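Asks:
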Amino acid sequence: MNATVLLGPPGAGKGTVAEVLVDKGYVHISTGELLREQIRLETPLGLEAKKLMDQGRFVPDDVVVAMIRNLLESAENDTRFLFDGFPRTLGQAEKLDELIQSLGGSLERVVLLECPDDAIVERLAGRRTCGKCGSVYHVTFNPPSHGNVCDVEGCQLSQRTDDTEKTIRKRLDVYAERTAPLISYYEARNLIQPINANQPIEHVRADVVASIS
Ligand code: ADP
Ligand code: ADP
28 MNATVLLGPP GAGKGTVAEV LVDKGYVHIS TGELLREQIR LETPLGLEAK
78 KLMDQGRFVP DDVVVAMIRN LLESAENDTR FLFDGFPRTL GQAEKLDELI
128 QSLGGSLERV VLLECPDDAI VERLAGRRTC GKCGSVYHVT FNPPSHGNVC
178 DVEGCQLSQR TDDTEKTIRK RLDVYAERTA PLISYYEARN LIQPINANQP
228 IEHVRADVVA SIS
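The opening residue of the sequence shown carries number 28 in my numbering; numbering runs sequentially from there.
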């Protein structure tokens with residue numbers, strides 16, 4: 028297996044970029060989506076995670092690492108993984124290295140989506156998602172074709188409970204404190220491919236596709 032990591036602050040466009048890479052054969056793993064699935068299923072893990080997520084805090088490393096371990100260990104050898112929102116701490120990054128090594132795989136690159144805070148707040152405040160298929164829209168920058176309805180599923184879109192102004196600010200602080208140090212961790216290994224994410228969606232997607240091919 029080999030892996031690409033999508034790194035960047037909340038709202039930088041990781042999920043939006045992932046959509047086009049899935050069309051290119053990548054297996055998309057979003058720890059946020061995996062956690063929201065647990066919330067929908069009302070599992071004990073989901074209920075615990077929801078409290079933390081709605082405050083903009085991280086779920087403990089061992090919880091997310093266990094999810095990732097299960098997926099990696101049950102994958103075919105030739106799988107190309109695309110991690111979105113994982114790793115988010117140095118501890119998670121170290122565990123990911125260990126896991127990849129134990130499976131004889133390689134971490135190919137870390138695509139860093141760079142975006143200023145004011146653009147992020149606007150993006151997250153206008154984000155709408157489909158609870159069924161996970162499609163991501165924006166009221167202004169990427170609206171659905173009809174009203175507030177998912178193009179794929181035809182159901183009503185919703186706003187994430189953590190996309191409130193207060194939680195967004197907290198998530199940006201937590202990103203700066205706990206996730207931004209991953210940039211130098213990966214820079215030291217020459218894995219970082221920076222992308223200007225402060226451009227229209229199609230430009231960002233094209234730049235990412237060009238940088239990985
Ligand atoms: P965004 O990319 O908009 O920040 P995500 O869907 O990736 O949103 O994550 C939503 C929330 O889920 C995070 O704010 C955090 O509480 C939790 N979460 C997701 N991935 C991780 C992770 N790797 N480690 C800890 N918590 C996580
Ligand atoms: P992340 O996964 O990094 O949290 P998303 O892909 O969910 O980010 O994008 C956050 C919000 O910003 C969504 O509403 C999405 O439609 C919108 N968005 C994503 N990329 C761009 C862009 N380049 N320009 C404007 N809006 C964007």
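Glycine is no exception: its CB is placed at the ideal position from the N, C-alpha and C atoms.
None of these values were measured; they are calculated from a predicted model.
1. Any heavy atom of ligand 1 within a distance shorter than 6 Å of the CB on P37?
2. Is the CB-CB distance between L48 and L98 below 7 Å?
3. Does DSSP put D111 in a helix, a strand or coil?
4. What do you get for Q183, buried or exposed, if any count of 16 or more other CB atoms within 10 angstroms of its CB means buried?
5. Pair every Cβ in the stretch 206-215 with every Cβ in the stretch 115-124, then say whether three or more of these pairs are closer than 8 Å.
6. Classify H173 as buried or exposed, calling it buried when 16 or more other Cβ atoms lie within 10 Å of its own Cβ.
7. In three-state DSSP terms, what is L253?
8. Ligand 2 and H165: does the residue's C-beta get closer than 6 Å to at least one heavy atom of that ligand?
9. I'd like the list of long-range same chain contacts for L218, defined as Cβ closer than 6 Å, with 5 residues on each side in sequence excluded.
10. With a cut-off of 8 Å on the beta carbons, I'd call E201 and G83 a contact; round off their distance for me.
11. Report back the beta-carbon spacing between S57 and G132 to the nearest angstrom; my notes put them in contact at under 8 Å.
12. To the nearest angstrom, how far is it from the Cα of F85 to the Cα of G161?
13. Could you round the C-beta distance between V44 and R187 to whole angstroms and report it? I think they count as a contact, below 8 Å.
14. DSSP on V47, reduced to helix/strand/coil?
15. Looking at the secondary structure, which residues open and close the alpha helix (DSSP H) in which L68 lies?
16. Whole angstroms is fine: what's the gap from L34's alpha carbon to T167's?
17. Output the distance between the C-alpha atoms of Y53 and E149, rounded to the nearest integer angstrom.
Replies: On the basis of the data shown:
1. Yes, the beta carbon of P37 sits closer than 6 Å to at least one heavy atom of ligand 1.
2. The criterion of a C-beta distance shorter than 7 Å is not satisfied by L48 and L98.
3. Three-state result, D111: strand.
4. Of the residues assessed, Q183 falls on the exposed side of the cut-off, its CB having fewer than 16 other CB atoms within 10 angstroms.
5. Segments in contact, yes.
6. Result: exposed.
7. The structure shown has nothing for residue 253, since the chain only spans 28 to 240.
8. Yes, Cβ of H165 sits closer than 6 Å to a heavy atom of ligand 2.
9. Contacts found: R136 and V137.
10. The sequence shown places Val at residue 201, not Glu. About 6 Å; that satisfies the 8 Å criterion.
11. The Cβ separation is near 19 Å, so there is no contact.
12. Distance between the alpha carbons of F85 and G161: 20 Å.
13. That pair is no contact at about 18 Å.
14. Residue state, collapsed to three classes: helix.
15. It is not in any alpha helix (DSSP H) - L68 carries neither H nor E in the DSSP assignment.
16. So the two alpha carbons sit approximately 24 Å from each other.
17. Taking the CA atoms as reference points, Y53 sits about 29 Å from E149.
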